[in-house]
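S.K.: Chains as they are written, first to last, in the numbering used here: chain A, 1 to 201; chain B, 1001 to 1147.
Yeah, the Cβ is synthetic: ideal placement off N, Cα and C, and Gly gets one too.
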Ligand SMILES: [Zn+2]
């Protein structure tokens, strides 16, 4: 990617792709792929699945470009598609588990399959693995809101653009997700001194 | 403000979504309330732990893979492609039903999943319509490890 490419707006690139300069689409993929894979992997808990779904997302986006209304919000557009495809994937996975149970197979490990741990993860012990598992135990809506907030650093307004939910609903979902995680991870709520440093801004 | 109300504001405050006046009130309250400070500290720790989960490994070939797939198929002449995709779905459902029968039938306990899956279409070809994914998973024992 050249400097010029980096400076171009998403909409500009979309326009260029629609005018027939197909190769320009790669600029958009490079711009978003890491975030999209991160988003999906936090939703599914599996980075192999995430990479494969991300690939489908970019193919789908390409097909949908003629329907994209240019208003400088390509990010919301692409995350909406990623969200839909990820939720579909999760539904399919759930169905697979149900089918498996119907067939009387013991596939308990299937829905919560873990990535093979990487070295850094091993070093940090099992705590992150536990966290990933707990994340997957949240409701889909809570997880979606929390993941967009914490990992993608979206504002509530940006989350609204992706999900269509109201800001109060988003606030409630995130707040409940945090409470639930705090509880299941048994984070202590002891009064402390080093309290004020924890703030984000 | 009482503790209950403050507790409800902690999460949006952490997310940087609280209006500054309310934020100052929260701050003032926390200075004098051990219980709420404890809740706030726990929220901070949760955030730290969430961010400590390592990100997925980078996939440097993803853009090239997508571009290769795009070049291999027509973009807006999608009608033919879609017809082919639907045909594939029907074939997959049919094959899936067949496999189901063989798997359930007594004496046919071991379904030769590998050979069936190689006969079936490559799931990646129709990433959006991976109905038969489920079936393949079923007969691979549910895990993708078998693939
Ligand atoms: Zn208090």
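#1: For residue 47(A), which residues in chain B fall below 8 Å Cβ to Cβ?
#2: What residue does the alpha helix (DSSP H) around residue 140(A) start on, and which one ends it?
#3: Is the CB of residue 174(A) under 9 Å away from at least one CB in chain B?
#4: Looking at residue 53(A) and ligand 1, is the gap between the Cβ and the nearest heavy atom below 8 Å?
#5: Please name the residue, chosen from 133(A), 152(A) and 28(A), that lies closest to residue 46(A) on a Cα-to-Cα basis.
#6: Show which residues of chain A have a CB atom less than 8 Å away from the CB atom of residue 1019(B).
#7: Three or more C-beta pairs under 8 Å: does that hold for the segment 55-71 of chain A against the segment 159-168 of chain A?
#8: Beta-carbon of residue 78(A) versus every beta-carbon of chain B: anything under 9 Å?
#9: Among 88(A), 147(A), 50(A) and 187(A), whose alpha-carbon lies nearest the alpha-carbon of residue 171(A)?
#10: So what does DSSP say about residue 136(A), is it helix, strand or coil?
#11: For residue 1062(B), which option in 158(A), 20(A), 32(A) and 14(A) has the closest C-alpha, if you only look at C-alpha atoms?
#12: Any beta-carbon of chain A closer than 9 Å to the one on residue 1032(B)?
#13: Keeping to the same chain, check which residues put their C-beta closer than 8 Å to that of residue 1022(B); ignore five residues upstream and five downstream.
#14: Let me see if you follow: with CB-CB separation under 9 Å, is residue 1005(B) close to chain A or not?
#15: Are the segment 1029-1040 of chain B and the segment 11-19 of chain A touching by the rule of at least three beta carbon pairs closer than 8 Å?
#16: Quick check: is the beta carbon of residue 185(A) nearer than 9 Å to any beta carbon in chain B?
#17: Step through the CB atoms of chain A and report whether any lies within less than 9 Å of the CB of residue 1052(B).
#18: Would you mind giving the Cβ-Cβ distance between residue 181(A) and residue 1046(B), rounded to the nearest angstrom? I have them listed as a contact below 8 Å.
#19: With 9 Å as the threshold, decide whether the Cβ of residue 137(A) is near any Cβ in chain B.
#20: For residue 162(A), I'd like the list of residues in its chain whose CB is within less than 8 Å of its CB, leaving aside the five on either flank, ordered along the chain.
#21: Mind listing which residues have their beta carbon within less than 6 Å of any non-hydrogen atom of ligand 1? Chain order is fine.
#22: In whole angstroms, give me the CA-to-CA distance for residue 87(A) and residue 140(A).
#23: Consult DSSP for residue 1057(B) and reduce its assignment to one of helix, strand or coil.
#24: Of the residues 39(A), 11(A) and 59(A), which one's Cα is nearest the Cα of residue 72(A)?
#25: Can you tell me whether residue 79(A) is helix, strand or coil according to DSSP?
M.R.: From the atom records:
#1: 1056 and 1057
#2: 140-150
#3: When Cβ-Cβ separations below 9 Å define contact, residue 174(A) makes contact with chain B.
#4: no
#5: 133(A)
#6: Per Cβ cutoff of 8 Å: no residues; residue 1019(B) is ~12 Å from chain A at best.
#7: no
#8: no
#9: 147(A)
#10: helix
#11: Closest option to residue 1062(B), Cα to Cα, is 32(A).
#12: It does not; no Cβ of chain A falls within 9 Å.
#13: Excluding sequence neighbours, residue 1022(B) sits near 1009 and 1013.
#14: no
#15: no
#16: yes
#17: So, interface residue.
#18: 6 Å
#19: no
#20: 76, 79, 80, 83, 148 and 154
#21: In chain order, the residues that have a beta carbon nearer than 6 Å to some heavy atom of ligand 1 are 1003(B), 1006(B), 1029(B), 1033(B), 1035(B) and 1036(B).
#22: 8 Å
#23: Reduced to three states, the DSSP call for residue 1057(B) is coil.
#24: 11(A)
#25: helix
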